[in-house]
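Enquirer: Let me give you the structure first, and then I'll get to my questions.
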Amino acid sequence: MKLWIDRCRRRAPFVAAALAATLVIAPVARPLLAAPGGKSKVVLALISAAQKEFDAGNFERAGELFLEIWRQDPEARPILYNAARAFQLAGKVEKADELFRELLAIADLDPVLKGKAQNQLEGLQVKRAELKADEAGRAEKAGQYALAAGLWAEAIKLQPKKIAWLIKQARAYHLAGQLPQALAAYDRYLAAAPAHAEDRAQVQTWRDECVARPPVVVEPPVEKPVETTPERPAEKPTERPAEPPAVATPSVAPTPPAPSPSPKPAPAPAPPERSKTPLVVLGVGAAVLAGGGVVLWQSRSDQQNLDYAQTQKDAHGKVIGLTHQQAVDEANRIQTNYVVGWAMTGLGLVGAGVGTWMWMHQSKATVAVAPTPDGLVVVGRF
0 MKLWIDRCRR
10 RAPFVAAALA
20 ATLVIAPVAR
30 PLLAAPGGKS
40 KVVLALISAA
50 QKEFDAGNFE
60 RAGELFLEIW
70 RQDPEARPIL
80 YNAARAFQLA
90 GKVEKADELF
100 RELLAIADLD
110 PVLKGKAQNQ
120 LEGLQVKRAE
130 LKADEAGRAE
140 KAGQYALAAG
150 LWAEAIKLQP
160 KKIAWLIKQA
170 RAYHLAGQLP
180 QALAAYDRYL
190 AAAPAHAEDR
200 AQVQTWRDEC
210 VARPPVVVEP
220 PVEKPVETTP
230 ERPAEKPTER
240 PAEPPAVATP
250 SVAPTPPAPS
260 PSPKPAPAPA
270 PPERSKTPLV
280 VLGVGAAVLA
290 GGGVVLWQSR
300 SDQQNLDYAQ
310 TQKDAHGKVI
320 GLTHQQAVDE
330 ANRIQTNYVV
340 GWAMTGLGLV
350 GAGVGTWMWM
360 HQSKATVAVA
370 PTPDGLVVVG
380 RF
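Each residue of the sequence shown is one higher than the last, beginning at 0 in numbering that gives the first Met the number 0.
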């Protein structure tokens with residue numbers, strides 16, 4: 000006993016020093032390990048990043064960050080709600096549904112948060128049902144009635160109150176040839192729909208069609224054995240006696256055939272008649288060339304007259320009978336006529352050259368001339 004007391008006395012200073020150090024270091028070390036509010040710096044950084052992504056409209060990324068926060072801090076249950084809500088806004092309906100159900104599975108969940116999660120989950124079920132209904136409608140338009148019936152079944156499972164979808168499901172089964180399933184769906188609708196429903200008469204008609212035309216069980220065809228006839232033995236060719244060689248005598252010698260008359264040579268083909276198209280093209284080109292020359296000559300004459308008029312000045316140095324604006328307008332008109340004249344001259348030369356070449360090589364050239372409201376269109380192949 001005395002030995003144990005001596006040991007305690009020797010260790011007491013060390014224990015006291017350790018206790019004092021703990022009391023001094025603990026208040027300082029706690030801010031290093033946890034941020035204010037009991038959140039670590041990592042969690043706070045993730046919360047800030049998730050909030051920024053959410054505010055920017057990047058809902059899927061925000062949902063991933065909120066989910067990472069939930070893994071870091073499982074007690075932050077509103078964070079799980081935020082993650083589910085972010086995925087819901089991003090259109091990830093399945094993921095949001097999974098997270099809302101995970102949140103509602105918590106036993107001691109806050110009643111307010113539980114009510115909000117339940118409301119969002121109900122909205123998700125409506126959205127999922129509508130998506131399934133849209134898929135079923137597309138399958139019907141594509142003629143895939145069996146697939147459409149299965150999709151209508153999934154949509155009805157999510158939204159049992161949509162009794163109008165029972166008609167669509169039954170009709171899809173009906174058109175797919177699955178009459179027992181169609182009959183059962185028709186009966187479910189008639190049992191659930193009110194007596195004054197507008198579609199009851201039509202549904203009853205379709206149901207009567209199912210009853211009047213039960214499904215036909217198609218049995219697989221029975222394969223009949225193929226009868227084979229025994230092969231006949233090959234007959235040996237009968238031996239024919241050899242014929243004696245024929246002896247040609249002068250009286251019965253064959254006469255040579257008469258020579259066939261040689262065919263008459265075919266008459267030489269008549270030379271092809273020359274087309275008048277090259278002459279037309281040549282004439283049009285010459286006419287355009289002449290017109291271009293006339294326009295150029297007239298433009299040259301007008302330019303000389305304008306130059307002469309600008310030299311006629313009075314005692315004060317002003318041009319007589321011609322204003323500055325008139326001179327500018329006349330110069331512009333003459334310049335335009337020059338352009339038109341040169342263009343007509345060029346086209347005329349081309350037309351004359353083409354027409355000449357066509358006249359010399361008529362067998363290799365074809366030209367089509369078509370009138371238009373603005374003149375003629377000439378298309379040539381050489």
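Backbone N, C-alpha and C fix where the C-beta goes; we use that ideal spot for every residue, glycine too.
Could you check where the alpha helix (DSSP H) with lysine 91 kicks off and where it finishes?
Expert: Taken as a continuous stretch (DSSP letters only), lysine 91 belongs to no alpha helix (DSSP H), as it is neither H nor E.
Enquirer: Go ahead and label serine 298 buried or exposed: buried means 16 or more other beta carbons lie within 10 angstroms of its beta carbon, across all protein chains shown.
Expert: buried
Enquirer: Glycine 292 by DSSP, collapsed to three states: which one?
Expert: helix
Enquirer: Beta carbon of leucine 295, beta carbon of tryptophan 341: below 8 Å?
Expert: yes
Enquirer: Pick from Gln87, Gln201, Ala138 and Glu197: whose alpha carbon is nearest that of alanine 171?
Expert: If we check each option's Cα against that of alanine 171, Ala138 comes out closest.
Enquirer: Going by Cα to Cα distance, which pick from Arg199, Gln168, Gly354 and Arg206 is closest to alanine 154?
Expert: Gln168
Enquirer: Please state whether DSSP places lysine 312 in a helix, a strand or coil.
Expert: strand
Enquirer: Where does the unbroken alpha helix (DSSP H) through arginine 70 begin, and where does it stop?
Expert: 58 to 71
Enquirer: Apart from the five residues on each side of it in sequence, which residues of its chain come closer than 6 Å, Cβ to Cβ, to glycine 347?
Expert: Gly284, Val287, Leu288 and Gly291
Enquirer: Candidates Ala55, Ile166 and Ala211: which alpha carbon is nearest alanine 196's?
Expert: Ile166
Enquirer: If you draw a straight line from the C-alpha of alanine 48 to the C-alpha of lysine 140, how long is it?
Expert: 45 Å
Enquirer: Spatial neighbours of proline 249 within its chain, please: C-beta separation below 7 Å, excluding the five flanking residues on both sides.
Expert: Low local confidence applies: a pLDDT of 41 at proline 249 is under 50, so the model's placement there is unreliable, and no value is given.
Enquirer: For threonine 322, report the span of its alpha helix (DSSP H) as first-last.
Expert: Segment: none, threonine 322 is in no alpha helix (DSSP H) and carries neither H nor E.
Enquirer: Keeping to the same chain, check which residues put their C-beta closer than 6 Å to that of tyrosine 144; ignore five residues upstream and five downstream.
Expert: Ala171, Leu174 and Ala175
Enquirer: Could you tell me the alpha carbon to alpha carbon distance between leucine 178 and glutamate 67, rounded to whole angstroms?
Expert: 51 Å
Enquirer: By how many angstroms is the C-alpha of alanine 152 removed from the C-alpha of cysteine 209?
Expert: Their Cα atoms are separated by approximately 19 Å.
Enquirer: Measure the CB-CB distance between isoleucine 46 and arginine 76 and report whether it falls below 8 Å.
Expert: Contact check for isoleucine 46 against arginine 76 fails: the beta carbons are separated by 8 Å or more.
Enquirer: Keeping to the same chain, check which residues put their C-beta closer than 7 Å to that of alanine 147; ignore five residues upstream and five downstream.
Expert: Ala135, Ala138, Glu139 and Ala171
Enquirer: For the region 118 to 199, which segments carrying the alpha helix (DSSP H) assignment without a break, of at least 4 residues, lie completely within its bounds, in sequence order?
Expert: For the region 118 to 199, whole alpha helix (DSSP H) runs of length 4 or above, ordered along the chain, are 144 to 157, 163 to 174 and 178 to 191.
Enquirer: Please classify alanine 55: is it buried, with 16 or more other beta-carbons within 10 angstroms of its beta-carbon, or exposed?
Expert: exposed
Enquirer: Among the candidates Gly345, Ala308, Asp186 and Leu120, whose CA atom is the shortest distance from the CA of lysine 94?
Expert: Taking only the C-alpha atoms, the option nearest lysine 94 is Leu120.
Enquirer: Specify the secondary structure class of serine 39 as computed by DSSP and reduced to three states.
Expert: coil
Enquirer: Compare the beta carbon distance of leucine 182 and arginine 206 with 8 Å and say whether it is the shorter of the two.
Expert: yes
Enquirer: Consult DSSP for tyrosine 307 and reduce its assignment to one of helix, strand or coil.
Expert: helix
Enquirer: Do you know how far the Cα of valine 293 is from the Cα of glutamine 302?
Expert: 14 Å
Enquirer: Per DSSP, what kind of secondary structure is isoleucine 46 in: helix, strand or coil?
Expert: Three-state result, isoleucine 46: helix.
Enquirer: Please classify aspartate 96: is it buried, with 16 or more other beta-carbons within 10 angstroms of its beta-carbon, or exposed?
Expert: buried
Enquirer: Would DSSP call aspartate 96 helix, strand or coil?
Expert: helix
Enquirer: Tell me whether the beta-carbon of alanine 82 lies closer than 8 Å to the beta-carbon of phenylalanine 58.
Expert: no
Enquirer: Rounded to a whole number of angstroms, what is the C-alpha to C-alpha distance between alanine 61 and glutamine 71?
Expert: 15 Å
Enquirer: Grab me the residues of alanine 17's own chain with a C-beta within less than 6 Å of its C-beta, minus the 5 sequence neighbours each way, in chain order.
Expert: Residue placement at alanine 17 is flagged as unreliable, the pLDDT there being 37, under the threshold of 50; the coordinate-derived value follows with that caveat. So the list is empty, once near-sequence residues are dropped.
Enquirer: Let me confirm a value: valine 353 is counted as buried when at least 16 other C-beta atoms fall within 10 Å, else exposed. Which label applies?
Expert: Answer is buried; the Cβ neighbour count reaches 16.
Enquirer: Using the three-state DSSP reduction, which class does alanine 75 fall into: helix, strand or coil?
Expert: coil
Enquirer: For the putative contact between leucine 281 and alanine 351, defined by C-beta atoms under 8 Å, what is the C-beta separation to the nearest angstrom?
Expert: With a Cβ gap of about 6 Å, leucine 281 and alanine 351 count as contacting.
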